Structure formats: C-alpha cells, structure tokens
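For reference, the structure discussed in these notes is given below.
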Amino acid sequence: MNKCGIDAEYRGEERYSKLSLAYANAEEEKKINDAFDEVTSKYTIQPQTYISDITDGRKVLVIEYHDDYDRDAGTIFEEIMKKLDIKECS
Numbered sequence: 007m008n009k010c011g012i013d014a015e016y017r018g019e020e021r022y023s024k025l026s027l028a029y030a031n032a033e034e035e036k037k038i039n040d041a042f043d044e045v046t047s048k049y050t051i052q053p054q055t056y057i058s059d060i061t062d063g064r065k066v067l068v069i070e071y072h073d074d075y076d077r078d079a080g081t082i083f084e085e086i087m088k089k090l091d092i093k094e095c096s
C-alpha cells in the first residue's frame with residue numbers, strides 16, 4: 007500500500023487488461039476519479055468500469071479494456087498510477 011492508501015492490482019492477458027484501484031474514503035475516491043477522467047479523456051479507446059464493495063468498508067474501481075489490439079491500456083494504466091503516485095501494483 008502506498009502513502010495515500012490506494013492499492014493497485016493489475017491483471018492482463020492477450021488483448022485484455024484490468025487495473026483495480028482499492029480505496030477507503032471519499033478523498034481517495036476523488037483522487038482516483040480525477041486521475042481516471044483526466045487520463046482516459048486523452049484516448050479514443052474507452053474502458054468498461056465498475057465499482058464494488060470489498061472488505062473493511064473499502065471499495066474498488068475496476069478498469070477493464072477488451073480487444074486492446076494496440077495495447078494502449080498499459081500506457082493508460084501507467085499514467086493513472088503516476089498521477090496517483092503509485093509506484094507498484096500487485
């Protein structure tokens with residue numbers, strides 16, 4: 007977990023990528039949403055997203071790209087993580 011308390015997890019296969027960002031409060035949620043909106047607005051490929059409740063009152067934003075032939079998702083995920091000051095993900 008990094009200093010802001012946001013956890014990141016990445017999963018990927020051929021033409022499919024998923025970044026999950028777990029958070030605990032409204033401030034972290036706003037940081038994630040602001041970074042997501044700023045970064046994804048620069049690209050034509052748009053992800054599928056959903057939010058789920060997880061343990062201890064935390065929530066997770068899941069960002070998925072399907073049929074990503076040009077592998078743009080990796081660049082997008084790196085930009086989002088950089089804006090959130092996340093150095094690594096599991």
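Going by my numbering, the first residue of the sequence shown is number 7, and it counts up by one from there.
Think of the CB as a built atom: it goes at the ideal place given N, C-alpha and C, for glycine as much as any other residue.
If you're wondering where the values come from, they're calculated on a predicted model, not measured in any experiment.
Apart from the five residues on each side of it in sequence, which residues of its chain come closer than 6 Å, Cβ to Cβ, to I51?
If the five residues before and after I51 are omitted, its C-beta is found closer than 6 Å to the C-beta atoms of D78, all from its own chain and listed in chain order.
Pick helix, strand or coil for A14, following the three-state DSSP scheme.
Looking at A14 - three-state DSSP - the assignment turns out to be strand.
Per-residue DSSP class, three states only, for K93
In the structure shown, K93 sits in coil (DSSP, three-state: anything other than H, G, I, E or B).
When the Cα of V66 is compared with those of K36, E20, E19, R21, which residue comes out closest?
Put simply, of K36, E20, E19, R21 the residue whose alpha carbon is nearest the alpha carbon of V66 is K36.
Give me, in chain order, the residues of the same chain whose beta-carbon lies closer than 6 Å to that of T55; leave out the 5 immediate sequence neighbours on both sides.
Closer than 6 Å at Cβ, skipping near neighbours: I69.
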